[in-house]
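Adding 87 to a residue's 1-based position in the sequence shown gives its number in the working numbering. Read through the structure below, which is laid out as structure tokens, and then see the notes.
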Amino acid sequence: MKLQIDKRWWAVAALAFAIIAFFVLDLGQYLRLSTIKSSQAQLEAWRAAQPLQAALIFFAAYVLVTALSLPGAAVLTLAGGAIFGLGWGTLLISFASSIGATLAFLASRWLLGDWVQSHFGERMAALNAGVAKDGGFYLFTLRLVPVVPFFVINLAMGLTHIRPLTFYWVSQLGMLAGTIVYVNAGTQLARIDSLSGVVSPGVLGSLVLLGLFPLIARKVIDVVRARKIYLKWQRPEKFDRNLVVIGAGSAGLVTAYIAATVRAKVTLVEKNEMGGDCLNTGCVPSKALIRSARFLSHVKRSNEFGIRSATADFEFAEVMERVQRVIQDIEPHDSIERYTALGVDVVQGEARIASPWEVEIAHADGSKQMLTTRSIVIAAGGRPLVPPIPGLDQINYLTSDNVWALRERPGRMVVLGGGPIGCELAQTFARLGCRITQVEKGERILPREDDDAAALVTRRFVEEGIDLRFAHEASRIEVVEGEKVLVALHDGKEVRIAFDALLIAVGRQANLDGYGLKELGVTTERTVQVNDYLQTSFPNIYAAGDVAGPYQFTHTASHQAWYAAVNALFDPFKKFRADYRVIPWATFVEPEVARVGLNEQEAREKKIPHEVTVYGIDDLDRAIADSEAHGFVKVITVPGKDRILGVTIVGEHAGDLIAEYVLAMKHGIGLNKILGTIHIYPTMAEANKYVAGNWKRAHGPEKLLTWVGRFHARRRG
Ligand SMILES: Cc1cc2nc3c(=O)[nH]c(=O)nc-3n(C[C@H](O)[C@H](O)[C@H](O)COP(=O)(O)OP(=O)(O)OC[C@H]3O[C@@H](n4cnc5c(N)ncnc54)[C@H](O)[C@@H]3O)c2cc1C
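Shown next as structure tokens:
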């Protein structure tokens, strides 16, 4: 690495030397129009006498001037026309300018590319995505429309991810028209008095039009393609609704709410319970159950709090009933009454997309209703993924959909899956007295989180008596004389695990069937495919939440819902790209694991230069006072800068503590500012400040402090 930096410094020095020499020695005098004009006769004679030598020297000079981004390329182009004529001049200059431009591009990438990408990685991400998609088109336009100086384009493009070959050929093609115009003008060099007169307004206008052509053509193709997809369907003259939303989970509710707020006529269709997964089978019941289980874990840990002994007398069924009461308490937030009062037309029934502008709703009584609508938002959510394990059909397995109906505590429960849902439920049911065996085919739980985060959770799980089986792949289910057994493969051998209940938590899948997507031809893979604006392959049909991904959280569903609603209602006047730059999440196990942005593992995998700063929560006064002295705050920053790339927090209230970093990342606040912010003593939130303190200590101005030390020594006399 050091060697590379040294090499780059040498290259920078050599380039700087060449450019300074150019100006100090006034080499620019040879690239002035007056010089070329006065030497035209000699140059032509030279070319006539030694055509090959003249062509090679001219070519090399041109490459050098463009590669070093020196002024004078326009005059050289005219000279090319004057010396070599239109045909040969164009040929020589077209290649020389493209090669020179590509050398400048490569130099810029080599010298600065890594630095720019690492320091402005996230901001560059959007640009890189745009360049990957449309870079060639934009470069072509820039080459044809001579607004931005070419040397700026060469250097700036080097900092993006555009491929060198693409850069080369698009540049050559894009510069060709301008090259011909200038070389042609050069053939009449005697008549040219200044560079500004070379290109007439008419020619300039034509170049601009030529430059804009590919972009316009592309837009036209997009419009034609969009129209084509609708060809089979008859668009209604008028619409009953501005928007129909399918599904009243987190995504659908927020979409409908926003539509009603901006006075659109919106119908929200739900076939099951209002509130979707989050309220009925997801976040709410899981967090309610986690709370009860946590209480039990505190009772078990009573002597850690100075209480000699404590016991809890509880009925499993009553704890599960409390979960239902919590759902009922929250239900009004998502109720038909509330949404009706907000101006949403809520319909209970099963929606089916009949055409791009029609949604058919089947009511429970068998009646049907057809609504025409300008736009549709699909917010049909997802469901637990159930792998095709042989023998599964012999048992009544559990998933996050039906586990809430349990009223009898299973003695032995196998939890299949080591992701967030599997972990939350494994720890919870263990605390409620089930003997849990958690089976995971990977090498550890919580694979998306850093090793050290997962290790702390693993340690706690083991302490709490969870039997963790890593690298175990479920192979089949057997029922032998009434005994249910999971047979898993481990190290090539079969392992048998007997159980009373099997909870499958190996992931979730989008709901894609049964409501017209396939019949209509909406593009789907594992989810409904959407563009940056959340539009499906039918531009007036949008999707948000679990059905669209890429995240499967309530807060991302409602975040997307805003974009889906606004874009569905205001396109083509205005639409917004969904912004996924700062997405936080938490896994509500103990110790809690929360995360925003990059973690160490991802930074390493993506080879993003980074620094890691850690503060151990075991040292935090409040955590010690609460007997919760465990966990850490880990911040990933840009090397040498306080700019935050990501944070992982493990410990009590990690999901709440991370909010400060979510805000910081969203608004570009660095560790210095967090350090300069007063945090209440004694709180867990102080950990956020202390990690910033650790970062600061590691980046202290050592030289300055040495001088300050000397200053104080002097003052002491
Ligand atoms: C156990 C568990 C715990 C979780 N914990 C958390 C957590 O702590 N934090 C977090 O952020 N996320 C959590 N999640 C994830 C969260 O629940 C989902 O990301 C969120 O509910 C997705 O919302 P959605 O609106 O996309 O889909 P859903 O909530 O699934 O809503 C979709 C709705 O569409 C309806 N529908 C489908 N098809 C039709 C049709 N044809 N006609 C009419 N209606 C239809 C369905 O009935 C459903 O009500 C958890 C999930 C689970 C399973």
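Where is the CB? At the ideal position from N, CA and C, for every residue including glycine. Note that the structure is predicted; figures quoted are calculated from it, not measured.
Which class does Thr-793 belong to by DSSP, given the choice of helix, strand or coil? Here residue 793 refers to the residue found at position 706 of the sequence shown. In the structure shown, Thr-793 falls within a helical segment according to DSSP collapsed to helix, strand and coil.
Under the criterion of a Cβ to heavy atom distance below 7 angstroms, does Ser-156 qualify as lining ligand 1? Residue 156 sits at position 69 when you count from the first residue of the sequence shown. For ligand 1, no non-hydrogen atom lies closer than 7 angstroms to the CB of Ser-156.
For Lys-776, count neighbouring Cβ atoms within 10 angstroms of its own Cβ and tell me buried if that reaches 16, exposed if not. Position 689 of the sequence shown holds residue 776. Counting C-beta atoms within 10 angstroms of its own C-beta, Lys-776 has 16 or more neighbours from the protein chains shown and is therefore classed as buried.
Spatial neighbours of Cys-538 within its chain, please: C-beta separation below 6 angstroms, excluding the five flanking residues on both sides. Looking up residue 538 in the sequence shown gives position 451. A small correction: the amino acid at residue 538 is Asp; Cys does not occupy that position in the sequence shown. So no residue of the chain qualifies.
From Ser-373, Ala-438 and Leu-355, residue whose alpha carbon lies closest to that of Asp-421: Residue numbering aside, residue 421 sits at position 334 when the sequence shown is read from its first letter. Among Ser-373, Ala-438 and Leu-355, the Cα nearest to that of Asp-421 belongs to Leu-355.
Grouping DSSP H, G and I as helix and E and B as strand, with all else coil, what is Phe-586? Taking the first residue of the sequence shown as 1, we reach residue 586 at position 499. Under the three-state reduction of DSSP, Phe-586 is assigned to strand.
Using 7 angstroms as the cut-off, classify the Cβ of Val-669 as near or not near the heavy atoms of ligand 1, replying yes or no. Along the sequence shown, read from residue 1 onward, the residue named residue 669 stands at position 582. Because no heavy atom of ligand 1 lies under 7 angstroms away, the Cβ of Val-669 does not count as near it: no.
Mark Lys-220 as exposed unless 16 or more other C-beta atoms lie within 10 angstroms of its C-beta, in which case mark it buried. Taking the sequence shown and counting its residues from 1, one reaches residue 220 at position 133. With fewer than 16 Cβ atoms within 10 Å of its Cβ, Lys-220 is classed as exposed.
Does the count of Cβ pairs from the region 485-498 and the region 531-550 closer than 8 angstroms reach three? As far as the Cβ criterion goes, the region 485-498 does not touch the region 531-550, which means the pair count is below three.
Report the residue from Asp-743, Val-162 and Glu-391 whose alpha carbon sits nearest the alpha carbon of Leu-276. Start at 1 with the first residue of the sequence shown, and residue 276 comes out as number 189. Checking every option, the nearest Cα to that of Leu-276 belongs to Val-162.
Between the beta-carbon of Ala-188 and the beta-carbon of Thr-153, is there less than 8 angstroms? To locate residue 188, count along the sequence shown from 1; it is residue 101. To locate residue 153, count along the sequence shown from 1; it is residue 66. Cβ atoms of Ala-188 and Thr-153: closer than 8 angstroms.
Pull up the DSSP beta-bridge partners for Val-725, would you. Looking up residue 725 in the sequence shown gives position 638. Paired residue(s): none; Val-725 is not in a bridge.
To which residues of the same chain is Asp-619 closer than 7 angstroms at the C-beta, ignoring the five residues directly before and after it? One-based indexing of the sequence shown puts residue 619 at position 532. Non-local C-beta neighbours of Asp-619 in its own chain, meaning closer than 7 angstroms and more than five positions away in sequence, comprise Arg-664 and Ala-665, ordered along the chain.
Trp-197 in three-state terms, based on DSSP: For the purposes of this step, residue 197 is taken as residue 110 along the sequence shown, with counting starting at 1. Reduced to three states, the DSSP call for Trp-197 is helix.
Answer yes or no: do Glu-447 and Lys-358 have a C-beta to C-beta separation smaller than 8 angstroms? In the sequence shown, the residue the question calls residue 447 occupies position 360. In the sequence shown, the residue the question calls residue 358 occupies position 271. Glu-447 places its beta carbon 8 angstroms or farther from that of Lys-358.
Counterpart residues of Asp-554 in DSSP-defined beta bridges: Position 467 of the sequence shown, counting from 1, holds the residue named residue 554. Its beta-bridge partners are Thr-524.
Expressed to the nearest angstrom, what Euclidean distance is found between the alpha-carbon atoms of Ile-106 and Gly-757? In the sequence shown, counting from the first residue as 1, residue 106 sits at position 19. In the sequence shown, counting from the first residue as 1, residue 757 sits at position 670. Ile-106 and Gly-757 have their alpha carbons spaced roughly 38 angstroms apart.
Proximity below 8 angstroms, CB of Leu-429 to CB of Ala-347: The residue labelled residue 429 in the question sits at position 342 within the sequence shown. The residue labelled residue 347 in the question sits at position 260 within the sequence shown. Ala-347 sits close to Leu-429, with the two beta carbons spaced by under 8 angstroms.
Test item: CB-CB of Thr-164 and Thr-266 under 8 angstroms: Working through the sequence shown from its first residue, we reach residue 164 at position 77. Working through the sequence shown from its first residue, we reach residue 266 at position 179. Contact flag set, yes.
Please go through the same chain and pick out, in chain order, the residues whose beta-carbon is closer than 7 angstroms to the beta-carbon of Pro-475, but skip the five residues on each side of it. Taking the sequence shown and counting its residues from 1, the one referred to as residue 475 is at position 388. Here Pro-475 has no same chain residue with a Cβ atom under 7 angstroms from its own Cβ, once five neighbours each way along the sequence are excluded.
Using DSSP with H/G/I as helix, E/B as strand and the rest coil, what is Val-720? Start at 1 with the first residue of the sequence shown, and residue 720 comes out as number 633. The answer is strand: DSSP assigns Val-720 an E or B state.
Quick one: what's got a C-beta closer than 8 angstroms to Thr-460's C-beta in the same chain, skipping five residues either side? For the purposes of this step, residue 460 is identified with residue 373 of the sequence shown, where counting begins at 1. Around Thr-460: Phe-326, Asp-327, Arg-328, Asn-329, Leu-330, Val-331, Thr-354, Trp-444, Glu-445 and Val-446.
List the endpoints of the continuous alpha helix (DSSP H) containing Met-262. To locate residue 262, count along the sequence shown from 1; it is residue 175. Here the alpha helix (DSSP H) through Met-262 covers 251-273.
What does DSSP give as the partner residues of Ala-630 in its beta bridges? Counting from 1 along the sequence shown, the entry for residue 630 is found at position 543. Assignment of beta-bridge partners to Ala-630 by DSSP yields Ile-465.
Pair every Cβ in the region 408-420 with every Cβ in the region 315-325, then say whether three or more of these pairs are closer than 8 angstroms. No, because fewer than three Cβ pairs between the region 408-420 and the region 315-325 fall closer than 8 angstroms, the two stretches do not touch.
Could you have a look at Asp-432 and say whether DSSP puts it in helix, strand or coil? Walking along the sequence shown from the start, residue 432 turns up at place 345. Correct three-state label for Asp-432: strand.
Would you call the region 604-621 in contact with the region 496-510, where contact means no fewer than 3 C-beta pairs closer than 8 angstroms? Fewer than three beta-carbon pairs drawn from the region 604-621 and the region 496-510 are found closer than 8 angstroms, and the two stretches are therefore not classed as touching.
I need the DSSP call for Trp-444, collapsed to helix, strand or coil. For the purposes of this step, residue 444 is identified with residue 357 of the sequence shown, where counting begins at 1. Of the three classes helix, strand and coil, the one that applies to Trp-444 here is coil, per DSSP.
Identity of the residues DSSP links to Trp-649 by a beta bridge: Taking the first residue of the sequence shown as position 1, residue 649 is located at position 562. Answer is none; Trp-649 lacks a bridge partner.
Is the Cβ-Cβ distance between Ser-442 and Trp-320 less than 8 angstroms? In the sequence shown, the residue the question calls residue 442 occupies position 355. In the sequence shown, the residue the question calls residue 320 occupies position 233. Yes, the pair counts as a contact, with Cβ atoms nearer than the cut-off.
Sequence-distant residues of its chain with Cβ nearer than 6 angstroms to Ala-166 (five each side left out): Translated into positions along the sequence shown, residue 166 becomes position 79. Ile-123, listed in sequence order.
Hey, is the region 585-605 in contact with the region 462-473, meaning 3+ C-beta pairs nearer than 8 angstroms? Judged by Cβ distances under 8 angstroms, the region 585-605 makes contact with the region 462-473, as three or more pairs qualify.
Only counting the same chain, and skipping five residues up and downstream in sequence, which positions put a Cβ closer than 6 angstroms to that of Asp-432? Stepping through the sequence shown from its first residue, residue 432 is reached at position 345. Around Asp-432: Thr-354.
How should Val-566 be labelled, buried or exposed, when 16 other C-beta atoms within 10 angstroms of its C-beta is the threshold for buried? To locate residue 566, count along the sequence shown from 1; it is residue 479. Its Cβ having fewer than 16 others within 10 Å, Val-566 is exposed.
Closest Cα partner of Glu-530 within the set Ile-523, Ala-517, Ala-588 and Gly-506: Here residue 530 refers to the residue found at position 443 when the sequence shown is read from its first residue. Looking at the Cα atoms, Gly-506 is the closest of the given residues.
Quick test of the definition: if touching needs 3 or more C-beta pairs under 8 angstroms, does the region 554-572 touch the region 731-738? A contact between stretches requires three or more CB pairs, one per stretch, nearer than 8 angstroms, and the region 554-572 fails this requirement with the region 731-738.
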